[in-house]
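Under this note's numbering, the first residue of the first sequence is numbered 41, with each subsequent residue one higher. What follows is a single structure, written as structure tokens, with notes after it.
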Amino acid sequence: MTGPRQVLLQRRGPDAVVALVDGAPEHLQEADLSRFVARLEAAGAGPRWVWDDTTRWYPALLAAGLRVRRCLDLRLVHRLLRRSPLVDQGLLTGPETAAWDELVPRSATSAAAGSAGGGAEGLFDLHVHVAALDAAAEHAAQQAALAASLQRGRLQLLVAAESAAALVAAEMTHAGLPWRADVHEALLAAELGPRPPAGEPPAVLAALLARAREALGAPSLNPDSPADLLRALRRVGLEPPDTRSGTLSQLDHPAVAPLLEHRRLSRLHAANGWRWLREWVHDGRYRPDHLPGGVVSGRWAAQGGGALSVPAVLRPAVAADEGWRLVVADVAQLEPRVLAAVSGDVDLARAAAGGDLYQGVVDSGAVATRSDAKLAVLGAMYGATAGSGGRMVEHLARRYPRAVEHLELAAAAGECGEVVSTWLGRGSPRPGGAWTQQAPDVPVSEADLRERRSWGRFTRNFVVQGSAAEWAASWIALLREELWRIGGAGRVEQRPHLVLFLHDEVLVHTPAALAEEVADAVRGAAERAGRLLYGEFPIAFPLDVHVGSSWADAADDADAGAPA
DNA sequence: ATGATCTGCGCC
DNA sequence: AAAGGGCGCAGATCAT
């Protein structure tokens, strides 16, 4: 019993939907949509749902208890293809191209946090606008552009991974990240003292501020104002170039300690304090918007409460439900491994084979210590040119010429204003600076030269960061399939499901009995992702996998910060 | 008042 | 002696 292979959904006004079922139109009411989707999803492998934008279709289906197996997200694919150097842009452009360029995802959080009565976003939302976009025509143009590409295999992988990522993102917002408000409050109390009355600073902050003011003889000092703080420091004979923590910590003065502690705790209070908890955590879940492809490199972005920078000190509050576990997995040294693969550097791949790439670089004789290896590899990927990082890069280049040359070429292309591409064909944006317009014989100003170099560092990093992002997207796409297979029955949130994705790390919330199976699935998906993208190239993606009750149980600072 | 930009810092 | 890539967010400051 097999169903249709592909169903394209198109809105036609406020309540009407047209479904092209393998090309044959069926007319539906919006209210009948979930039944329609459920019926076709149950037939065989389920169709590929083709729609303008996952954020405009999938949340309602999830709310109705459904889950779809695969989709094609025309908005995300449009953005990919529009920028890819592997695509003939002429095949892609049409009368609605600009409208597709401007289509933005629908936000769950800004709608929810908006004013009473639905908020401006709801009224402003472009149902009309989106209904006017011709999804079938866009789909046809995209398929034609893909078919004509000399690298269509890679682009099709990228399109599939990006669309699957859109499903994962919607499911993560739907299920929410499990968050224990009581644990969070206890952590806040331990750091900041009891919750202060509204509008007042926590007692610990007030005391630290008083100590800093006293030590500087500046009774009205506002430590949040860099200018004010610099003035106060100058009055006691200190001349730091800026007021960053690292700079202040070099100073020898009794005000420094309370200032730094105040800075750390006031940030915790402002970014993730009681107000954050009240705004973002409801019924034990934190539900930010996840935005696949939200960063030009293809990394995800997130909106609402700073989901991608949950401070380490609060991670104990991210805790599994009773009878459930969190499976936390991160890839060891993802970006240098991806660099080895995309540059075809078998020596760097060999250095990675032992599990610790940095140690492998040391064992190859390129550098003396693990921390030198880290400096060298990160320096090469970020574009360090001077100091210890730059010197280490020279050592790296002698031992791993292919990997380093790959980066140098990306940087050189960027400095010339050219587009670079990830492994699967995501293109970098074009630079906008004045330097791109200059005739070759015009002398280059110092400022323009700095800008060129800066753009070169961006394109250098783009090929690694972006290729790593598409590996990671493939990883979670494959993992999503595995988790569904493991789960047995029930809705997405009743089975093992992804709750957070952080560039090279995933959190899966799972019934305790399935946790070990989930851990295996996470490893298996990483292995399959490596083969899917890099074939037989001998690079592995080893994971640190922890099963625990909270995110903090997985804490592993083996690689945190610069080793001494 | 409102919005853009800067500084600083959390995360990768 | 550090330095370098990507984000989001808060608060201060500047511009309108």
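The beta carbon of each residue, even a glycine, is placed where N, CA and C say it ideally should be. Bear in mind the structure is a predicted one, so any value in this text is a computation, not a measurement.
Quick one: give me the first and last residue of the beta strand (DSSP E) that residue i is part of.
{"i": "D329", "result": "D329 to L331"}
{"i": "G400", "result": "Where G400 is concerned, there is no enclosing beta strand (DSSP E), although the alpha helix (DSSP H) it sits in stretches over L397 to D403."}
{"i": "H537", "result": "H537 to F541"}
{"i": "E545", "result": "E545 to P551"}
{"i": "Q196", "result": "Premise fails: Q196 lies in the alpha helix (DSSP H), R192 to A215, not in any beta strand (DSSP E)."}
{"i": "Q343", "result": "A341 to Q343"}
Excluding sequence positions up to five away, which residues of its chain have a Cβ less than 6 angstroms from the Cβ of residue i?
{"i": "F76", "result": "L68"}
{"i": "H446", "result": "S383"}
{"i": "R123", "result": "G467"}
{"i": "R439", "result": "S404 and A406"}
{"i": "L379", "result": "A443 and V504"}
{"i": "L547", "result": "L366, V368, V539 and L540"}
{"i": "E557", "result": "I526"}
Apart from the five residues on each side of it in sequence, which residues of its chain come closer than 8 angstroms, Cβ to Cβ, to residue i?
{"i": "E301", "result": "L248"}
Run the CB neighbour count on residue i, radius 10 Å, all protein chains shown included, and call it buried at 16 or more, exposed below.
{"i": "A420", "result": "buried"}
{"i": "D34", "result": "Examination of residue 34 is not possible in this model, given that the chain is present from 41 through 604 alone."}
{"i": "G333", "result": "buried"}
{"i": "D385", "result": "buried"}
{"i": "S155", "result": "With a pLDDT of 34 at S155, under the threshold of 50, the predicted position of this residue should be treated as unreliable, though the coordinate-derived value follows. S155 comes out exposed."}
{"i": "D412", "result": "buried"}
{"i": "G277", "result": "exposed"}
{"i": "E375", "result": "buried"}
{"i": "L190", "result": "exposed"}
{"i": "P54", "result": "exposed"}
{"i": "S306", "result": "buried"}
{"i": "A243", "result": "exposed"}
{"i": "N501", "result": "buried"}
{"i": "V401", "result": "buried"}
{"i": "R275", "result": "exposed"}
{"i": "D264", "result": "exposed"}
{"i": "E491", "result": "buried"}
{"i": "E240", "result": "exposed"}
{"i": "A352", "result": "exposed"}
{"i": "V90", "result": "buried"}
{"i": "R271", "result": "exposed"}
{"i": "R377", "result": "buried"}
{"i": "Q50", "result": "buried"}
With DSSP as the reference, identify every bridge partner of residue i, one or two as the case may be.
{"i": "L60", "result": "L48 and P65"}
{"i": "V417", "result": "Answer is none; V417 lacks a bridge partner."}
{"i": "L464", "result": "BP columns for L464 are empty, so no partner."}
{"i": "A588", "result": "First, the amino acid is wrong: residue 588 is Gly here, not Ala. DSSP, once it has assigned bridges, lists L366 as partnering G588."}
{"i": "E371", "result": "It should be pointed out that residue 371 corresponds to Val in this sequence rather than to Glu. According to DSSP, V371 bridges with L583."}
{"i": "D113", "result": "W91"}
{"i": "A359", "result": "S590"}
{"i": "Y326", "result": "L217 and V321"}
Answer yes or no: do residue i and residue j have a C-beta to C-beta separation smaller than 8 angstroms?
{"i": "L583", "j": "V371", "result": "yes"}
{"i": "L198", "j": "R192", "result": "no"}
{"i": "A443", "j": "I579", "result": "no"}
{"i": "V539", "j": "L217", "result": "yes"}
{"i": "A210", "j": "L60", "result": "no"}
{"i": "G496", "j": "A451", "result": "yes"}
{"i": "W463", "j": "S507", "result": "yes"}
{"i": "L143", "j": "D62", "result": "no"}
{"i": "W511", "j": "L418", "result": "no"}
{"i": "E533", "j": "H214", "result": "yes"}
{"i": "F498", "j": "G454", "result": "yes"}
{"i": "L73", "j": "V57", "result": "yes"}
{"i": "D329", "j": "G344", "result": "yes"}
{"i": "R110", "j": "R88", "result": "yes"}
{"i": "R327", "j": "A104", "result": "no"}
{"i": "T283", "j": "P266", "result": "yes"}
{"i": "E231", "j": "L348", "result": "no"}
Residues in its own chain within less than 7 angstroms of residue i by CB, not counting five upstream and five downstream?
{"i": "R119", "result": "G333"}
{"i": "L116", "result": "E202, S203, A206, P332 and G333"}
{"i": "A594", "result": "V368, H586 and G588"}
{"i": "G346", "result": "A311"}
{"i": "R365", "result": "T550, A552, A555, V587, G588 and S589"}
{"i": "L163", "result": "With a pLDDT of only 41 at L163, under 50, the local geometry of the prediction cannot be trusted, and the value read off the model is given with reservation. Cβ within range, chain order: n/a, list empty."}
{"i": "W591", "result": "R355, V358, L366, V368 and L547"}
{"i": "A565", "result": "W515, L518, L519 and E522"}
Would you mind reading off the limits of the alpha helix (DSSP H) that contains residue i?
{"i": "F581", "result": "Here F581 belongs to no alpha helix (DSSP H), and DSSP marks it neither H nor E."}
{"i": "Q183", "result": "A175 to A188"}
{"i": "L106", "result": "That residue, L106, is in no alpha helix (DSSP H); it is neither H nor E in DSSP."}
{"i": "L489", "result": "E486 to G527"}
{"i": "E458", "result": "Unbroken run through E458: none, as it is neither H nor E."}
Is residue i a contact residue of the ligand MG, with contact defined as CB to any heavy atom under 7 angstroms?
{"i": "P125", "result": "Inclusion of the ligand MG in the displayed structure is not the case, the ligand content being empty and no account of it being possible."}
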